[in-house]
Amino acid sequence: MVDEQIPSPVAGSESLWLTNYARAQGDAKAKQKFLLLDFTGSDWCGWCIRLKREVFDTPEFEKYARENLILLEVDFPRAKELDPTQKTQNALLAQELGIQGFPTVVIMNSDGKVIGKLGYTPGGPSVFISALEKLRRG
Numbered sequence: 648m649v650d651e652q653i654p655s656p657v658a659g660s661e662s663l664w665l666t667n668y669a670r671a672q673g674d675a676k677a678k679q680k681f682l683l684l685d686f687t688g689s690d691w692c693g694w695c696i697r698l699k700r701e702v703f704d705t706p707e708f709e710k711y712a713r714e715n716l717i718l719l720e721v722d723f724p725r726a727k728e729l730d731p732t733q734k735t736q737n738a739l740l741a742q743e744l745g746i747q748g749f750p751t752v753v754i755m756n757s758d759g760k761v762i763g764k765l766g767y768t769p770g771g772p773s774v775f776i777s778a779l780e781k782l783r784r785g
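For the sequence shown, the positions run 648 to 785 when the working numbering is used.
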């Protein structure tokens, strides 16, 4: 599979977003971090685009993610073609996790257990990070 990282919107920084689930899961386990899976329609879903712009593309979220998370984009675009292996992986993940709509953000612990799901929440990165912290603390 062609993975691996999505170009970063923050100039001069390497993207934290992976596209290969096995790699992301392995990184989460090895680094004892939570895995955040962003189920998105990156080029057509308005709420997905807002979540990315208002939260994921901010320096505040990027700093938090570097310290606490492994990030996986599980994309279902309409205008761009995904690698067939990635497309299959994404469909299987959506089916396994019962994804009903976009955006859905699934949080897993380092052992791969789902600890919660989030969606778009207004208020920017601080509100989103606060919701993540509640899930992390159980």
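Quick reminder that beta carbons are idealized off the backbone N, C-alpha and C, glycines included.
So what's T735 in DSSP terms, helix, strand or just coil?
Counting from 1 along the sequence shown, the entry for residue 735 is found at position 88. Of the three classes helix, strand and coil, the one that applies to T735 here is helix, per DSSP.
For the beta strand (DSSP E) containing I754, list its first residue and its last residue.
Taking the first residue of the sequence shown as 1, we reach residue 754 at position 107. T751 to M755 is the span of the beta strand (DSSP E), which, as asked, contains I754.
Collapsed DSSP secondary structure at S660 in the structure displayed:
Taking the sequence shown and counting its residues from 1, the one referred to as residue 660 is at position 13. Bear in mind that the predicted position of S660 carries a pLDDT of just 48, short of 50, making it unreliable; the figure below should be weighed with that in mind. In the structure shown, S660 sits in coil (DSSP, three-state: anything other than H, G, I, E or B).
Beta bridge counterpart(s) of T687 as assigned by DSSP
For the purposes of this step, residue 687 is taken as residue 40 along the sequence shown, with counting starting at 1. According to DSSP, which records beta bridges pairwise, T687 is partnered with D722.
Go to I762, then tell me how far its beta strand (DSSP E) extends in each direction, as first and last residue.
In the sequence shown, the residue the question calls residue 762 occupies position 115. Note, I762: beta strand (DSSP E), V761 to L765.
Name the residue from Y668, R697, G766 and L663 whose alpha carbon lies nearest to the alpha carbon of N737.
For the purposes of this step, residue 737 is taken as the residue at position 90 of the sequence shown. Cα-wise, what sits closest to N737 is Y668.
Buried or exposed by the 16-neighbour rule on C-beta atoms within 10 Å, applied to K752:
On the sequence shown, residue 752 is found 105 positions in, with the first residue counted as 1. For the record, residue 752 in the displayed sequence is Val; it is not Lys. It is buried - the Cβ of V752 has at least 16 other Cβ atoms within 10 Å.
Given a threshold of 16 other Cβ atoms within 10 Å of its Cβ, counted over all protein chains shown, does K710 qualify as buried or as exposed?
Against the sequence shown, residue 710 aligns to sequence position 63. Answer is exposed; the Cβ neighbour count stays below 16.
So, is I720 buried or exposed, given that buried needs 16 or more other C-beta atoms within 10 angstroms?
For the purposes of this step, residue 720 is identified with residue 73 of the sequence shown, where counting begins at 1. Sequence inspection shows Glu at residue 720; the Ile mentioned does not correspond to that position. Burial call: buried.
To the nearest angstrom, report how far apart T705 and I717 are at their CA atoms.
Here residue 705 refers to the residue found at position 58 when the sequence shown is read from its first residue. Here residue 717 refers to the residue found at position 70 when the sequence shown is read from its first residue. Those two C-alpha atoms are separated by around 16 Å.
Classify V774 as helix, strand or coil using the three-state DSSP reduction.
Start at 1 with the first residue of the sequence shown, and residue 774 comes out as number 127. V774 falls in the helix class under three-state DSSP.
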